[in-house]
Each structure stands twice: as structure tokens, then as C-alpha cells.
Amino acid sequence: MQLIHCPWCGPREEVEFHYGGQAEITYPERPAELSDQDWAEYVFYRDNPKGPFAERWSHSAGCRRWFNALRDTHTYRFLGTAKPGEPLPNTQRNTEVRV
Amino acid sequence: MADILYRTHPLENRRAALAELSGRVEGLTVYPEDPVAAVDLRVDPAGPGADAVGRALGTALPVEPNTWTHTVDGQLVWLGPDEWLVTSAGADPQEFERELGWVVSAYDGSAVDVSAQRTSLRLHGGLARELLSLGCALDLRPSAFPAGACAQTYVGQTVVLLLALGPDDFRLFVRQSFAGYLADWVLDAAEEFRAFP
Numbered sequence: 002m003q004l005i006h007c008p009w010c011g012p013r014e015e016v017e018f019h020y021g022g023q024a025e026i027t028y029p030e031r032p033a034e035l036s037d038q039d040w041a042e043y044v045f046y047r048d049n050p051k052g053p054f055a056e057r058w059s060h061s062a063g064c065r066r067w068f069n070a071l072r073d074t075h076t077y078r079f080l081g082t083a084k085p086g087e088p089l090p091n092t093q094r095n096t097e098v099r100v
Numbered sequence: 007m008a009d010i011l012y013r014t015h016p017l018e019n020r021r022a023a024l025a026e027l028s029g030r031v032e033g034l035t036v037y038p039e040d041p042v043a044a045v046d047l048r049v050d051p052a053g054p055g056a057d058a059v060g061r062a063l064g065t066a067l068p069v070e071p072n073t074w075t076h077t078v079d080g081q082l083v084w085l086g087p088d089e090w091l092v093t094s095a096g097a098d099p100q101e102f103e104r105e106l107g108w109v110v111s112a113y114d115g116s117a118v119d120v121s122a123q124r125t126s127l128r129l130h131g132g133l134a135r136e137l138l139s140l141g142c143a144l145d146l147r148p149s150a151f152p153a154g155a156c157a158q159t160y161v162g163q164t165v166v167l168l169l170a171l172g173p174d175d176f177r178l179f180v181r182q183s184f185a186g187y188l189a190d191w192v193l194d195a196a197e198e199f200r201a202f203p
């Protein structure tokens with residue numbers, strides 16, 4: 002089983018963590034002006050790349066904090082983790098942030 | 007007539023089995039510990055609230071992840087970047103919550119009495135690390151998990167708050183309802199250390 006590096010607790014076993022979907026989805030700047038289609042894309046549409054993918058994870062069995070991770074969906078390798086608000090490793094990504 | 011319910015330790019019915027194990031296996035002592043008052047404390051570690059708590063408890067909050075420190079009659083355990091568990095063997099739980107709540111309320115902090123959440127199991131002796139490592143994925147070697155270290159992690163299938171009190175001395179805080187499972191897990195895992203008759 003692989004170790005995931007919690008930004009606070011350090012390397013811990015994968016079973017201690019919980020997946021939280023795609024990261025870096027910004028809240029619409031002018032939500033009142035969004036069409037139904039835009040809202041649907043903001044709420045439900047997620048990228049599904051083969052390769053590096055920015056994700057949210059939570060250390061649910063440890064410090065119970067959320068953090069961001071960059072994971073390669075092809076190999077399942079974690080390329081890096083970062084506290085919320087801090088930048089993830091600058092790797093070539095093919096995700097595009099919608100809205 | 008209604009039955010009278012007396013307070014008992016959640017591990018009361020495992021006490022005899024754990025005592026028997028401790029007597030049979032050299033280098034391993036396991037027993038349920040008496041309940042302590044415990045308060046979950048949340049306050050900004052960089053702000054003045056942390057200093058105020060430090061003054062009130064007589065010990066600075068441990069800001070280094072996965073560490074704990076002593077207070078006068080309890081422990082101050084790091085649970086998260088802005089969260090600590092404060093225990094006290096002598097205090098009344100509600101009084102303790104009120105005291106700490108009064109200290110941190112001025113700094114947007116919170117103190118919640120969680121005394122009833124966890125119970126603790128004490129594990130010490132030369133075999134303690136080896137026994138724990140049978141069900142815990144952490145690096146438990148003394149160099150990686152020395153006295154003063156703590157971790158919230160899995161032992162077997164249950165989440166525990168594991169504290170290293172000394173070189174071969176551990177306290178396992180576990181949710182009351184999972185305490186029976188943990189005691190059974192310890193009894194089962196320790197089977198291999200029993201001497202053959």
C-alpha cells in the first residue's frame with residue numbers, strides 16, 4: 002500500500018485518507034449572471050484526465066484536515082501534496098479549470 | 007422496580023483477560039486506565055490565544071505535529087494544526103471545559119468536553135512496540151516514534167490516538183465503543199508472545 006504525504010502529519014498509509022474530488026475549482030465571480038448550463042458545469046462537470054490531476058484529499062483517520070494533492074491518474078503515483086492555499090508542484094497538467 | 011445502573015469502565019469485562027495476559031507474557035503489561043477529563047481545544051496557534059492557553063495550563067501548546075507535552079496532571083496532545091486534546095486526571099470534565107472555554111473564547115477559540123468520547127488502554131514492556139507493529143503501519147522504531155510522540159492512526163481496524171509515554175510505554179486513546187475491539191485485538195495479537203507450556 003502506498004504512503005500519502007499529509008502536509009501536517011507526514012507520510013501515512015493510504016487507508017487513512019479520503020478522496021474529495023477535483024481541486025482548484027474556483028467559485029464563479031458573478032454567480033448571479035450564470036446560466037443554467039454554466040451552473041451545471043460548475044457544480045457537476047469534472048475533468049477526467051489521464052495523467053497529473055489536482056485533487057482534494059482529507060486525512061480522515063489522522064488530523065482530519067483537507068489538503069490538495071497532485072496525482073497521476075495513470076500510475077496512481079502522488080506527485081506532491083500541499084496545504085490549502087499553497088501551490089502544488091508545477092508539473093505539466095492537462096486539466097482545465099472550468100467556469 | 008427500575009434497575010440501578012452503575013458506571014463501569016468500557017473495558018471492565020476485558021480486565022481479567024488483559025491481567026492474565028500481562029502475567030503470562032514477560033515484557034508486556036496491558037491494562038485499561040481510569041477515565042480522565044478531556045477537552046478538545048481549537049485555537050489559532052500563531053495568535054495570542056495560544057499564549058493565553060499556555061499560561062492557563064502552565065505548558066506551551068505543542069505546535070510541532072505529532073507531539074504531546076505534560077501538564078500538571080494531564081497531557082496536551084497535538085491533534086491538528088489548530089486543534090489539541092487536553093486531558094486532566096483530577097479535573098471535573100464540565101468544569102474543565104468551562105475553564106478552558108473561558109480562556110479561548112476571547113480569541114475565537116473553542117473548548118469542548120470530549121471526556122466521554124475516548125477511553126484509554128496502557129501498553130508497556132519490551133514487547134509493546136513489536137505488538138503494536140503487528141497492526142499499525144507507522145514506523146514505531148524508537149528513533150522514529152520516541153517518547154513525546156503521538157499519532158492518530160489505525161491499530162487493527164480502529165482509529166486510535168497513540169501516545170509514546172516512554173521508551174517502551176504507550177497509551178492508546180480509543181473510542182469507547184471500539185475499546186472492546188481494541189482489547190480483543192491486543193489479546194489476539196499477543197498470542198504469539200505467550201510462552202509454550
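Residue numbers (our numbering), protein chains in the order written: chain A, 2 to 100; chain Y, 7 to 203.
Ideal Cβ positions, reconstructed from N, Cα and C, are used throughout, including at glycine.
Terminal residues of the alpha helix (DSSP H) in which residue i lies
| i | result |
| --- | --- |
| E14 (chain A) | Unbroken run through E14 (chain A) is the beta strand (DSSP E), G11 to E14; no alpha helix (DSSP H). |
| F199 (chain Y) | No alpha helix (DSSP H) holds F199 (chain Y); DSSP gives it neither H nor E. |
| Q38 (chain A) | D37 to V44 |
| F79 (chain A) | Careful: F79 (chain A) lies outside any alpha helix (DSSP H), inside the beta strand (DSSP E) at F79 to A83. |
| E103 (chain Y) | P99 to V110 |
| P54 (chain Y) | P54 to L63 |
| R135 (chain Y) | A134 to S139 |
Buried/exposed call for residue i, threshold 16 Cβ in 10 Å
| i | result |
| --- | --- |
| S183 (chain Y) | exposed |
| Q81 (chain Y) | buried |
| E17 (chain A) | buried |
| G172 (chain Y) | exposed |
| Q158 (chain Y) | buried |
| L11 (chain Y) | exposed |
| E15 (chain A) | exposed |
| R13 (chain A) | buried |
| N69 (chain A) | buried |
| T82 (chain A) | buried |
| A44 (chain Y) | buried |
| S121 (chain Y) | buried |
| G86 (chain A) | exposed |
| G63 (chain A) | buried |
| F102 (chain Y) | buried |
| F45 (chain A) | exposed |
| N19 (chain Y) | exposed |
| L188 (chain Y) | buried |
| R124 (chain Y) | buried |
| S36 (chain A) | exposed |
| F29 (chain Y) | Note on residue identity: the sequence assigns Gly, not Phe, to residue 29 (chain Y). Classification of G29 (chain Y): exposed, given that the 10 Å Cβ count is below 16. |
| S126 (chain Y) | buried |
| D9 (chain Y) | exposed |
| W90 (chain Y) | buried |
Beta-bridge pairing of residue i - partner residues as DSSP gives them
| i | result |
| --- | --- |
| Y20 (chain A) | A:W58 |
| P53 (chain A) | A:D73 |
| T164 (chain Y) | Y:V161 |
| A155 (chain Y) | Y:T73 |
| L91 (chain Y) | Y:D46 and Y:V83 |
| C7 (chain A) | A:G11 |
| L169 (chain Y) | Y:C156 and Y:R177 |
CB-CB length for residue i against residue j, believed under 8 Å
| i | j | result |
| --- | --- | --- |
| V166 (chain Y) | A95 (chain Y) | Between A95 (chain Y) and V166 (chain Y) the Cβ distance is about 20 Å, and since that is not below 8 Å, they are no contact. |
| G21 (chain A) | R57 (chain A) | 4 Å |
| L17 (chain Y) | A185 (chain Y) | 5 Å |
| I5 (chain A) | F54 (chain A) | I5 (chain A) to F54 (chain A), Cβ: 14 Å. No contact. |
| C142 (chain Y) | W74 (chain Y) | About 17 Å separates the two Cβ atoms, so there is no contact after all. |
| V49 (chain Y) | G107 (chain Y) | The pair is not a contact, with the Cβ atoms about 11 Å apart (cut-off 8 Å). |
| L67 (chain Y) | V59 (chain Y) | 6 Å |
| P87 (chain Y) | W9 (chain A) | 6 Å |
| V161 (chain Y) | L178 (chain Y) | 7 Å |
| L140 (chain Y) | A201 (chain Y) | Wrong, their Cβ atoms sit about 18 Å apart, outside the cutoff. |
| R128 (chain Y) | E39 (chain Y) | 5 Å |
| V83 (chain Y) | L169 (chain Y) | 7 Å |
Segment limits, beta strand (DSSP E) that includes residue i
| i | result |
| --- | --- |
| P173 (chain Y) | Run containing P173 (chain Y): none; DSSP gives neither H nor E here. |
| F68 (chain A) | W67 to D73 |
| G86 (chain Y) | Q81 to G86 |
| L129 (chain Y) | R124 to H130 |
| A117 (chain Y) | S116 to D119 |
Contact test: residue i Cβ vs the ligand FAD heavy atom, cutoff 7 Å
| i | result |
| --- | --- |
| G186 (chain Y) | Here there are no bound small molecules, and the ligand FAD is not part of this structure. |
(request) Please specify which runs of the alpha helix (DSSP H), each continuous and at least 4 residues long, are wholly inside the region 14-50 of chain Y, giving them in chain order. (result) 21-30
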